[in-house]
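S.K.: Handing you this structure, nothing more for now.
Protein chains: 2
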Amino acid sequence: MKLDPVNILKEHDLKHTKQRVRVLEEIALDTVAISQPELEKKLGKEIDRVTLYRILNTYEEKGIVHRIMDLNGTANYALCSSACSEDHHHDEHVHFNCTTCGKIYCLEVIVPKIKMPNGFTAKTVNTTAYGTCEKCNALLPVSA
Amino acid sequence: MKLDPVNILKEHDLKHTKQRVRVLEEIALDTVAISQPELEKKLGKEIDRVTLYRILNTYEEKGIVHRIMDLNGTANYALCSSACSEDHHHDEHVHFNCTTCGKIYCLEVIVPKIKMPNGFTAKTVNTTAYGTCEKCNALLPVSA
DNA sequence: AAGCACTTGCAATATTATGGCATTTACTAT
DNA sequence: ATAGTAAATGCCATAATATTGCAAGTGCTT
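What follows is the structure in structure tokens.
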């Protein structure tokens, strides 16, 4: 029992609107991140394009969702762990971007600590692996 | 003595044109990656916008440059190490994206190996640290 | 020097993102 | 419950970014 959109909104001082609830529901459907174009396709009939942009921006700023960029520069969204806040995203897990189906997974693997060169201070570290996901591997079992 | 644009083009079976040479020169000016908009601003007078897109795509496909996406989904370009080829990018160093000035550095730090979950096969792994770079840290020495 | 294939520049179009403003909606205090 | 207020939404226009088709130009080979 994770998702309670109404409560999430309240906790972040956001007004409870049906558009915001719908966006949260849609993102929460899958642990796999969903892309902006997909969201738009799914919600375009109910929610205005511009409103969707604004809701997603708000969610990201408030630490409700993560935005993960894929190789094409397309934004993908996934629910944050509860530890995230406005000040700091704890997005310290590895992402996996399947180059066949395009899906972005949030893996349970923690991003390893990186030693920074002198003068550089890292606030967050993002690691994304590119390759073939389990589903796509199952479809092409032996490398052709 | 790293950069010889003419030779790089020849090695990759690309015709030697002044536009391609200019783009390579511009990217090679700095170890810091340069963004598509910056390139466009610098070269817009000499090179058509569309041509720039095509040259950058060609370079990326041929393994001559890396494309690194920043948080805004903007493409940034840096020269590849000589080990890169059309088949495989050896871009296994850590990137540092300064959230103050926006610059993307290629660090000398190697991306740590990540253990993938069953069924997932990673071809490349990309690690980007976000924070403040040495120059920007020097300008704000003590945290305000 | 001529022919061929590739590259470039331009125009048109598509896609993606942002800003302004009137209307509607959620929340607050009565 | 109701009215008032601030915020969110939808629609419009516009900006910024990316792609396609094609004619003209250029590099390379013979």
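These protein sequence lines are chains A and B, in that order. All residue numbers for the first sequence refer to the working numbering, where the first residue is 1 and numbers rise by one. All residue numbers for the second sequence refer to the working numbering, where the first residue is 1001 and numbers rise by one. Ideal Cβ positions, reconstructed from N, Cα and C, are used throughout, including at glycine.
At the 8 Å Cβ level, is B:GLY1102 part of the contact set with chain A, yes or no?
M.R.: no
S.K.: Which residues in the same chain as B:ARG1020 place their Cβ atom closer than 7 Å to its Cβ, once the five residues preceding and following it in sequence are excluded?
M.R.: LEU1009, LEU1014 and ILE1055
S.K.: Closer than 8 Å by C-beta to B:ALA1075: which residues in its own chain qualify, once you throw out the five before and the five after it? Chain order, please.
M.R.: SER1035, GLN1036, LEU1056, ARG1067, ILE1068 and MET1069
S.K.: Among A:THR121, A:ASN97 and A:LYS45, whose alpha-carbon lies nearest the alpha-carbon of B:ALA1138?
M.R.: A:THR121
S.K.: Using the Cβ count rule (16 or more neighbours within 10 Å means buried), how would you classify A:VAL111?
M.R.: buried
S.K.: Given that A:TYR59 touches chain B, what residues does it touch there, using C-beta distances under 9 Å?
M.R.: Per Cβ cutoff of 9 Å: no residues; A:TYR59 is ~15 Å from chain B at best.
S.K.: Quick one: measure Cβ to Cβ for B:VAL1094 and A:ILE114, integer angstroms, because I've assumed they're closer than 8 Å.
M.R.: 6 Å
S.K.: Under the assumption that B:TYR1105 contacts A:ASN126 (Cβ atoms under 8 Å), give the Cβ distance between them as a whole number of angstroms.
M.R.: Cβ-Cβ separation between B:TYR1105 and A:ASN126: approximately 15 Å, too far for a contact (criterion under 8 Å).
S.K.: Of all the options A:LYS45, A:CYS133 and A:ASN118, which has the alpha carbon lying nearest to the alpha carbon of A:LYS103?
M.R.: A:CYS133
S.K.: Assuming contact is defined by CB atoms lying nearer than 8 Å, are A:GLU26 and A:LEU43 in contact in what I supplied?
M.R.: Cβ distance < 8 Å, so A:GLU26 and A:LEU43 count as in contact.
S.K.: Starting from the C-beta of A:VAL109, find all residues in its chain whose C-beta is less than 8 Å away, skip the five residues before and the five after it, and write them out in chain order.
M.R.: HIS93 and VAL94
S.K.: Closest by CA to B:TYR1077, which one among B:GLU1046, B:THR1017 and B:LEU1039?
M.R.: B:LEU1039
S.K.: Grab the span of the beta strand (DSSP E) containing B:CYS1106 for me, first residue to last.
M.R.: 1104 to 1110
S.K.: Using only the alpha-carbon positions, how far apart do B:THR1031 and B:LEU1079 sit?
M.R.: 8 Å
S.K.: How many Å lie between B:GLU1046 and B:HIS1012 at the Cα?
M.R.: Between B:GLU1046 and B:HIS1012, the C-alpha separation is close to 23 Å.
S.K.: With distances taken between CB atoms, is the gap from A:PRO5 to A:LEU24 smaller than 8 Å?
M.R.: yes
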